[in-house]
Amino acid sequence: MLRLPLAESDALRGFARDRELETCAVGLVLPASNAGAGRFVVRQLAEVPDAAYAERTASAATLRPEFCIEIANRARAAGAGVLLAHTHPGESALEGFSSIDDAGEQALASYFERRVPNGAHFAAVFTTAGSYARRLGQTEPVPFVGVGRVLETPAYRGSEPSELYDRQVRAFGTQGQRAMQGLAIAIIGLGGTGSIVAQQLAYLGARNFVLVDPDKIEATNLNRLVGAGPSDVGAFKVDVAARYITAINPSARCTTIVGDVLDEEVAAKLANADFIFGCTDSMASRALLNQLAYQFLIPCIDMGVGIGILEDKVQYITGRTQMLSPGLPCLVCTDKLDAEQVRQELMTEDQRKRDPYIVGARVPQPAVISLNSTMSSAAITMFLAAVTGVPSDARMVIYDGIRGTLRPAAMPPRPHCIACSHEGALARGSTWQLPMRARGDHD
31 MLRLPLAESD ALRGFARDRE LETCAVGLVL PASNAGAGRF VVRQLAEVPD AAYAERTASA
91 ATLRPEFCIE IANRARAAGA GVLLAHTHPG ESALEGFSSI DDAGEQALAS YFERRVPNGA
151 HFAAVFTTAG SYARRLGQTE PVPFVGVGRV LETPAYRGSE PSELYDRQVR AFGTQGQRAM
211 QGLAIAIIGL GGTGSIVAQQ LAYLGARNFV LVDPDKIEAT NLNRLVGAGP SDVGAFKVDV
271 AARYITAINP SARCTTIVGD VLDEEVAAKL ANADFIFGCT DSMASRALLN QLAYQFLIPC
331 IDMGVGIGIL EDKVQYITGR TQMLSPGLPC LVCTDKLDAE QVRQELMTED QRKRDPYIVG
391 ARVPQPAVIS LNSTMSSAAI TMFLAAVTGV PSDARMVIYD GIRGTLRPAA MPPRPHCIAC
451 SHEGALARGS TWQLPMRARG DHD
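Heads up, the sequence shown is in the numbering used here, so the first residue is 31 and it goes up one at a time.
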């Protein structure tokens with residue numbers, strides 16, 4: 031699978047629509063998955079300069095040899111492969127690769143395999159209607175996913191959705207239901223918000239879950255943990271979540287991970303997810319998921335809730351739901367990360383005890399199921415908008431429980447951001463380190 035920022039995909043489709051001649055673009059391809067999983071991200075896919083063309087017509091485009099040398103040198107220096115993309119212009123253009131493409135790729139494949147032997151090389155075609163990818167010089171198609179404020183998934187085919195989902199299919203269509211059912215969805219934290227997210231996704235017909243949480247259920251969790259009862263005290267939260275997910279939707283598959291997402295071996299498993307829900311109250315976990323969303327081009331919806339108490343009186347009731355994806359501001363841009371708290375949470379218990387700047391312990395915060403439900407439902411609606419085409423534009427929602435308002439918010443990404451810009455982690459895949467604990471560095 032190849033993933034690329036949606037803005038770059040949209041630009042190429044715009045060239046296919048607006049130009050009479052084929053347009054070529056080149057990007058770097060970096061690994062973005064566990065070994066053998068075959069997932070890659072495309073970094074900085076950009077139009078080639080006019081001087082790079084040896085030939086350019088409405089049905090063919092050839093790059094000059096000296097430009098190919100430049101591409102190979104750039105890829106080798108970055109430890110990357112190459113994506114060679116071009117357009118098929120016009121509304122009635124051929125969808126997919128042409129016989130001209132087939133013939134021209136063989137020499138290019140041989141060249142780049144020889145000059146950049148450690149890279150994975152791909153070809154892509156963009157039309158006004160879609161995009162197509164394959165390994166350079168081969169014929170087998172490779173799924174090609176654009177990631178931004180929407181998740182541009184491949185066309186899923188199969189049987190008609192079950193009549194159980196008839197009412198929602200009427201809202202977002204058969205293809206939307208298939209797209210949702212085809213995703214691997216990770217939920218990080220199966221507490222107050224995570225348990226509700228899991229329940230709603232199960233009712234919607236999602237089929238592939240990755241559930242991550244290190245904790246067992248305590249009696250104090252039962253006031254807000256959906257699907258859990260007194261007999262579940264002492265059970266792992268992920269196991270209880272898997273039980274009620276499969277009770278709601280017997281066709282669902284649940285991979286349960288009893289572990290902290292901050293641990294390297296756990297975080298590595300998220301690279302194979304298609305969509306992530308961040309339902310954790312840990313600042314360090316948020317920092318990791320924030321960077322992972324942009325670095326691996328896996329959209330994530332982050333949720334936060336808070337009830338402020340002063341002298342036994344409620345001062346504020348707030349909630350926030352924010353989608354993290356290329357083109358949208360990240361948690362660094364919106365100032366939702368506390369660097370000192372992240373530093374402390376990445377420490378082991380022994381390290382925290384030895385640190386002279388850490389005083390006292392965390393105090394449990396107020397938590398109410400109705401507030402969790404409000405923000406979880408907002409997150410699910412945001413997910414449906416990104417995946418199925420539900421017409422809901424907000425990618426950040428702020429809740430004020432005192433005033434009773436739920437309002438959209440928007441802001442541009444911060445230039446040169448360390449997490450979400452090209453200068454930072456954007457589309458760097460497995461080549462950059464995530465902010466997590468090293469193997470063996472546990473409490």
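Backbone N, C-alpha and C define an ideal beta-carbon position, used for all residues, glycine too.
Quiz prompt | CB-CB length for Ala105 against Leu58, believed under 8 Å | solution = Position 75 of the sequence shown holds residue 105. Position 28 of the sequence shown holds residue 58. Indeed they touch by this definition, with Cβ atoms about 6 Å apart.
Exercise. Hey, could you find the ends of the alpha helix (DSSP H) Ile99 is sitting in?
Key: Here residue 99 refers to the residue found at position 69 when the sequence shown is read from its first residue. Start and end: Pro95 to Ala108.
Quiz item: Quick check: the segment 112-131 against the segment 79-98, are there 3 or more CB pairs under 8 Å?
Solution: At 8 Å Cβ cutoff, the stretches touch.
Quiz item: With respect to the beta strand (DSSP E) encompassing Met353, which residues constitute its N-terminal and C-terminal limits?
Solution: Start at 1 with the first residue of the sequence shown, and residue 353 comes out as number 323. Its beta strand (DSSP E) spans residues Lys343 to Leu354.
Quiz item: Which of helix, strand or coil does DSSP assign to Asn238?
Solution: On the sequence shown, residue 238 is found 208 positions in, with the first residue counted as 1. Here Asn238 sits in strand by DSSP.
Quiz item: What is the DSSP secondary structure of Met333, counted as helix, strand or coil?
Solution: Along the sequence shown, one-based indexing puts residue 333 at 303. Reduced to three states, the DSSP call for Met333 is strand.
Practice problem: Kindly indicate which three-state DSSP category Gln136 falls into: helix, strand or coil? | Solution: By one-based count along the sequence shown, residue 136 stands at place 106. Helix, per DSSP.
Self-check item: Collapsed DSSP secondary structure at Gln395 in the structure displayed
Solution: In the sequence shown, residue 395 corresponds to position 365, counting from 1. If DSSP states are grouped into helix, strand and coil, Gln395 belongs with coil.
Quiz item: Which one of Val172, Ala409 and Glu182 has the shortest CA to CA distance from Leu327?
Solution: Along the sequence shown, read from residue 1 onward, the residue named residue 327 stands at position 297. Of the listed residues, the one whose Cα sits closest to Leu327 is Glu182.
Quiz item: Over what stretch of residues does the alpha helix (DSSP H) that includes Leu36 continue unbroken?
Solution: Along the sequence shown, one-based indexing puts residue 36 at 6. Counted as a single uninterrupted DSSP element, the alpha helix (DSSP H) harbouring Leu36 occupies residues Leu36 to Asp48.
Quiz item: What's the gap between the Cα of Asn253 and the Cα of Ile399?
Solution: Translated into positions along the sequence shown, residue 253 becomes position 223. Translated into positions along the sequence shown, residue 399 becomes position 369. Straight-line Cα distance between these residues: approximately 7 Å.
Exercise. Report the option in Lys246, Gln325 and Gln211 whose CA atom is closest to the CA atom of Asn279.
Key: For this step, residue 279 is matched to residue 249 along the sequence shown. Here the closest residue by C-alpha is Gln211.
Practice problem: Can you grab the Cα-Cα spacing for the pair Ala455 / Glu193, in whole Å? | Solution: By 1-based counting over the sequence shown, the position of residue 455 is 425. By 1-based counting over the sequence shown, the position of residue 193 is 163. Whole-angstrom Cα-Cα distance: 43 Å.
Quiz prompt | Where Thr364 falls: helix, strand or coil (DSSP) | solution = Along the sequence shown, read from residue 1 onward, the residue named residue 364 stands at position 334. Annotated three-state conformation of Thr364 is coil, per DSSP.
Quiz item: Just the Cα atoms here: how many angstroms apart are Ser161 and Asp40?
Solution: Translated into the one-based positions of the sequence shown, residue 161 becomes position 131. Translated into the one-based positions of the sequence shown, residue 40 becomes position 10. Computed Cα separation, rounded: 10 Å.
Quiz item: Quick one: what does DSSP say Thr53 is sitting in, helix, strand or coil?
Solution: One-based indexing of the sequence shown puts residue 53 at position 23. Thr53 falls in the coil class under three-state DSSP.
Practice problem: Provide the residue span of the beta strand (DSSP E) that contains Leu436, from first to last. | Solution: Here the question's residue 436 lines up with position 406 in the sequence shown. Its beta strand (DSSP E) spans residues Thr435 to Pro438.
Quiz item: Beta carbon of Ser460, beta carbon of Ala108: below 9 Å?
Solution: Numbered from its first residue, the sequence shown carries residue 460 at position 430. Numbered from its first residue, the sequence shown carries residue 108 at position 78. Result no, Cβ atoms of Ser460 and Ala108 do not sit closer than 9 Å.
Quiz prompt | Three-state class that DSSP yields for Glu182 in the structure shown | solution = Locating residue 182 in the sequence shown gives position 152, counting from the first residue. Here DSSP, grouped into helix, strand and coil, assigns Glu182 to strand.
Self-check item: Environment of His151 [buried if 16+ CB atoms lie within 10 Å]
Solution: Position 121 of the sequence shown holds residue 151. Here His151 is buried. Its C-beta has 16 or more other C-beta atoms within 10 Å.
Practice problem: Quick one: grab the DSSP three-state call for Ile388. | Solution: Residue mapping note: residue 388 aligns to position 358 of the sequence shown, counting from 1. Confidence at Ile388 is low in this model, with a pLDDT of 49, below 50, so the placement of that residue should be treated as unreliable; the coordinate-derived value is given next. Coil at Ile388, not helix or strand.
Quiz item: Do you know how far the Cα of Gln205 is from the Cα of Cys54?
Solution: Taking the first residue of the sequence shown as position 1, residue 54 is located at position 24. Taking the first residue of the sequence shown as position 1, residue 205 is located at position 175. Cα-Cα distance, rounded: 31 Å.
Exercise. Please state if the CB of Ala228 and the CB of Ala271 are separated by a distance shorter than 9 Å.
Key: If you number the sequence shown from 1, residue 271 lands on position 241. If you number the sequence shown from 1, residue 228 lands on position 198. Their beta carbons are under 9 Å apart, which means Ala271 touches Ala228 by this criterion.
Exercise. Using alpha carbons as the reference points, say which of Ala314, Arg433 and Asn103 lies closest to Tyr141.
Key: Position 111 of the sequence shown holds residue 141. Residue Asn103 is the option with its Cα nearest to Tyr141.
Quiz item: Any idea which residues DSSP pairs His116 with across the strands?
Solution: Numbered from 1 along the sequence shown, position 86 holds the residue referred to as residue 116. His116 pairs with Cys54 and Val155.
Practice problem: Just tell me which of Leu34, Val417, Pro396 and Val56 has its CA closest to the CA of Asp342. | Solution: Your numbering for residue 342 matches position 312 in the sequence shown. Looking at the Cα atoms, Pro396 is the closest of the given residues.
Exercise. Please state whether DSSP places Met412 in a helix, a strand or coil.
Key: Position 382 of the sequence shown, counting from 1, holds the residue named residue 412. Helix.
Practice problem: Under the assumption that Val288 contacts Val268 (Cβ atoms under 8 Å), give the Cβ distance between them as a whole number of angstroms. | Solution: Start at 1 with the first residue of the sequence shown, and residue 288 comes out as number 258. Start at 1 with the first residue of the sequence shown, and residue 268 comes out as number 238. Yes, Val288 and Val268 are in contact; Cβ-Cβ is about 6 Å, under 8 Å.
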